[in-house]
Structure formats: structure tokens, C-alpha cells
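Okay, structure first, notes after.
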Amino acid sequence: KVKQEIDVIIIGAAIVDLPLRPVSKEVFDVVSYPVDDISMTIGGDALNEATIITRLGHKVALMSCIGIDAAGLFVLEHCKRNNINTNFIKQDSNKHTSINVGLVAKDGERTFITNRQGSLWKFSLDDLELSNLKGAKILSFASIFNNPLFDNKALVKVFKKAKEEGMIICADMVSPRLNEKLEDIKEALSFIDYFFPNFEEASLMTEETNEEKVAEILYQCGIKNVIMKIGKRGCLIRNANGIKIIEACKGVTAIDTIGAGDNFASGFISALLEGKNIDDCARYANCTAAISIQYIGATNGVKNREMVDEMLVKYKKDYQIES
Ligand code: ADP
Ligand code: NA
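First residue of the sequence shown? That's 4 in the numbering used here, and the numbers climb one at a time after it.
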């Protein structure tokens, strides 16, 4: 039997999204409310990331938790079709696979309706077999705070194991669901090699509004490389070499920024696996995100590696960077 090598293990949410658009505030004023489309799409930060990294040519195993139900089968089917390793996905008859209903307004404003009893909220350290966390170069913890049961204590256990195995640790975050503060996860942050928060989330968590100060506070927590996403301006890097901005792609019209952050992380991690330096990783991340935002949905933009490579050629030309 051929041993299947794994490049990245991703921990996080693998769920189903039901985006409804366009929905207005008047939805309750009528008996029936037609929208353009209602169909299941795959979602969850970890599943999005796994999908894009696989398309960029690397081997991914997902560590997640789903129920034994139709939504769970939908997730597994997607993984199979996309060559994502599902050996470490726990199927739990006591859980319902989360289904997030997204209400999207015409102007892009959106709200997610989420199941408090769903796998997203119930996924915990008990669902992980930590002994499986080995043999890959990178651990990506898709989003701190997304699965609320992964608190500081749980994160530290996961990250310690990854470090024992010599893995590089990457992580993103979402806004806290339970009003957690920086103090609550400070210890866990100190294990992270590459951290990809966006500015708004990081600003809320650090209770600081100045961009450079926000990055500085995170860096002082012991994170090796803070890679803060700053929207159409790109990303800001704070590490031992100081602070700098790696600009975003020029001339991109954003259609839907859902999943831009997941795509950014996917591009960065892929470049890291290929041994690129940090600036080039950030450029590749910007290019991956720039493609994603030109399509509706998180995983409908980047279809293959060539698309991102092409974007990178344009990027280097626009910024006159030698290849
Ligand atoms: P998140 O999606 O996590 O909220 P951002 O909004 O900061 O994060 O966007 C993530 C990344 O998407 C940015 O770092 C940048 O690379 C890219 N991006 C976002 N908006 C634009 C834009 N208008 N033009 C080009 N790139 C963009
Ligand atoms: Na998108």
C-alpha cells in the first residue's frame, strides 16, 4: 500500500452553507419571499481552506467533526471529489452537522443564522485524536473562536502536540462568539508561527485602533509572524525583521468577499510549503484572495493553481518586482 503523504492538517469547521440572496429587511412583511437561488454549498473555514490548498496542489487532511446526516454526507462527498483526506473527520451520531443560513442583502451586507446545537458549536478537543496530529509540515488551526469549545486550554494542548512533532503552526481567527478577550487566549497565541487575523477582528480583540499598535500587541504575545489582513490594501507583516506592508493586487473589483480570508490563508500556506520567503508568501496570499473576491462564494473563485500563478505574474508586473 502506498503511503499517502500529508502536507497540511487543518483543524476547524466543515459545514454546509445556505446563502440566500437578495434578502431585505421586509422579509417578514410578505407570505412568500422569492430569492435568486437556494442551494447547499460547502462552508466552514477549515473546509474552505482545505479545498483551496488542495486545488493549489498540496495534500490536505481535515480534522473536524460532523453528524451522521445528509449535511455530513454532503461534506464527505465534497472532500472525496476534491481529494481531501477525511480519515480524521469524526462522525458523531450525537451531533448535527451545522448548516449556516446566510442572509445577504443587495448591497452585500449579511447575517448568518447559525445552529447553537450544530457541529460548529459542539466540536471539541474530545472529538480529536491528537495522536493523529503528526507527519505533516504544517498545522493550520482554521479559526480561533469559530468553535467556541476550543478555548485557550484546548488550543495549548493541540499546539504543544504540533510543536512536539516539529510542525509549523498557522492560524486565523474570527470575532469572539462568547466575548473572549486577548488575555483569554494569550498563551495559545505564543505557539503560533503565522497568524492571519483581519484588522477589524484584531482591533476588537486588542482594544486598540492604531494598525501598527494592533500588530505590535499581537507580536508581543509571542506570535512569530503576524500577517494582518488589511482589505484592499493587502496585509501588514510584523515579525523579528520589523513591520511592513505587502500590497494587495491592483485593479480588482470585489463581487463577494465571503471567504477572502480563508483564501488568503490557503495561498499563504501553499507558498510556505513551497519554501517561498515570507514576502512572496504574502504576495501569493494576496493573489489567491484577489481571485476569490471576484466570484460569489468562498470556493468558486480559485479553480486551479494556474489562475493564481497568472495573477502573480500580473502582480509582479504591476509592482515591478523581478521574478
Ligand atoms: P477578511 O476576508 O478576513 O475580512 P480582508 O477583508 O482584509 O479579510 O481581505 C482579505 C484579503 O483579500 C486582503 O488581505 C487582500 O489580499 C484581499 N482583498 C480584499 N479586498 C480587496 C480588494 N478590493 N482588492 C484586492 N484585494 C483585496
Ligand atoms: Na468570494
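Ideal Cβ positions, reconstructed from N, Cα and C, are used throughout, including at glycine. For clarity, every value in this text was computed on a predicted model and none was experimentally measured.
- request: Using the Cα positions of M310 and V33, report the straight-line distance between them to the nearest angstrom.
  value: 43 angstroms
task: Assign A125 to buried or exposed, taking buried as 16 or more other Cβ atoms, counted over all protein chains shown, within 10 Å of its Cβ.
output: As written in the sequence, residue 125 is Lys, which differs from the Ala given in the question. Buried, since its Cβ has 16 or more Cβ neighbours within 10 Å.
message: Considering only DSSP beta bridges, list what S122 is partnered with.
response: Paired residue(s): none; S122 is not in a bridge.
field: Between the CA atoms of G245 and S42 - distance to the nearest angstrom
entry: 46 angstroms
query: For V159, which of helix, strand or coil comes out of DSSP?
result: helix
Backbone secondary structure at T44 - three-state DSSP: strand
query: For the ligand ADP, is there a heavy atom less than 7 angstroms away from the beta-carbon of C252?
result: yes
- request: Determine the closest residue to E8 out of G70, R24, I87 and A74, with distance taken between C-alpha atoms.
  value: I87
- request: Could you tell me whether the stretch 189 to 205 touches the stretch 292 to 303, where touching means 3 or more Cβ pairs closer than 8 angstroms?
  value: no
field: Nearest-angstrom beta carbon gap, G105 and L50 [assumed within contact, 8 angstroms]
entry: So it is not a contact: roughly 15 angstroms between Cβ atoms.
message: Between which residues of its own chain and A288 is the CB-CB distance below 6 angstroms, once the five residues before and five after are set aside?
response: F267, G270 and F271
task: Run the CB neighbour count on A218, radius 10 Å, all protein chains shown included, and call it buried at 16 or more, exposed below.
output: buried
- request: Quick one: measure Cβ to Cβ for L65 and I13, integer angstroms, because I've assumed they're closer than 8 angstroms.
  value: 5 angstroms
message: Here's the rule: buried if 16 or more other CB atoms are within 10 angstroms of the residue's CB, otherwise exposed. What is N280?
response: exposed
- prompt: Looking only at C-alpha atoms, which of F199, C68 and N155 sits nearest to I92?
  reply: C68
- prompt: Rounded to a whole number of angstroms, what is the C-alpha to C-alpha distance between I102 and E325?
  reply: 45 angstroms
query: Any heavy atom of the ligand ADP within a distance shorter than 7 angstroms of the CB on I233?
result: yes
Nearest-angstrom Cα separation, counted from I220 out to A285: 20 angstroms
message: Is F267 a contact residue of the ligand ADP, with contact defined as CB to any heavy atom under 7 angstroms?
response: yes
- request: Enumerate in chain order the residues of its own chain whose CB-to-CB distance from C290 is below 7 angstroms, with the five nearest sequence positions on each side excluded.
  value: C252, G270, V311, M314, L315 and Y318
Coil, strand or helix - T114 by DSSP: strand
The ligand ADP heavy atom lying under 7 angstroms from the CB of C238: yes
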